[in-house]
Amino acid sequence: MGFWGVYLVGRSGEPLPDHPALRDARGLLTLREFRADGWQVWCHPGQPALGNMTALADAARAPVLLGFVMDSVCVAVEAAAPHSGSWYACLGRAPMAVHLGLDGTALEDLFLPPEDAAERAVRWAAESGRGVREGPLLELLRIEQPERSGDELFFAFLDCLGIESLQAEA
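The structure is reproduced here in structure tokens:
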């Protein structure tokens with residue numbers, strides 16, 4: 001059995017868990033890493049109730065992103081931004097379909113198609129001050145059978161969104 005857990009990503013002058021919108025998650029999240037330009041990545045094994053991402057984006061006055069890694073093979077992504085709103089995507093389409101199929105839910109019931117998700121991701125990145133290309137995002141969102149773990153897919157997604165690792169700058 002692989003990793004099940006969430007990654008919460010945002011840019012703020014204070015720790016993300018200190019925002020009132022995450023009141024119920026205080027003490028649950030652990031700082032995983034800082035990324036370039038003040039981005040923070042917090043994590044928690046399991047699926048804690050973190051609250052509403054749109055409320056967090058509004059409170060932080062900045063885009064935020066949540067990735068729920070399922071069994072290390074796929075990721076449910078929830079993104080929100082104050083102006084462009086919220087959207088849902090998945091990374092690792094075939095394994096996600098298997099997980100969802102257990103209760104009769106289809107990918108299309110929960111997530112945007114890859115083309116729409118890539119378009120929304122570009123707008124999300126623009127709202128965070130990042131100019132990114134749609135092509136690499138679309139390529140990642142279209143992967144059916146990933147060769148990488150869900151964690152690796154999620155962090156590759158962050159890179160495509162322009163939320164670069166500090167190690168990449170060194």
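Residue numbers for the sequence shown, in the numbering used here: 1 to 170.
For each residue, glycine too, the CB sits at the ideal point set by N, CA and C.
Query: Could you check what DSSP says for A62 in three-state terms: helix, strand or coil?; Result: coil
Query: Any idea what DSSP makes of G101, helix, strand or coil?; Result: helix
Query: Under the rule that 16 or more other beta-carbon atoms within 10 Å means buried, what is G92, buried or exposed?; Result: buried
Query: Among N52, F157, Q47 and G131, which has the Cα closest to the Cα of P20?; Result: N52
Query: Taking DSSP as the reference, what is the three-state secondary structure of F154?; Result: helix
Query: Okay, do the segment 115-129 and the segment 147-166 touch, 3+ Cβ pairs below 8 Å being the bar?; Result: yes
Query: Considering only residues of the same chain and omitting the five flanking positions on each side of L107, which have a CB-CB separation below 8 Å?; Result: C90, R93, M96, A97 and L100
Query: For L112 and Y88, I'd like the C-alpha separation in whole angstroms.; Result: 6 Å
Query: Quick one: Cα of Q167 to Cα of V132, how far?; Result: 20 Å
Query: Under 8 Å, do E115 and L138 count as touching if we go by C-beta distance?; Result: yes
Query: Go through its chain and collect everything with a Cβ distance to D18's Cβ below 8 Å, but skip five positions before and after it.; Result: R26
Query: Do G5 and V64 come within 8 Å of each other at the CB atom, strictly closer than that value?; Result: no
Query: Would you decide whether G67 is buried or exposed? Buried here means 16 or more other CB atoms lie within 10 Å of its CB.; Result: buried
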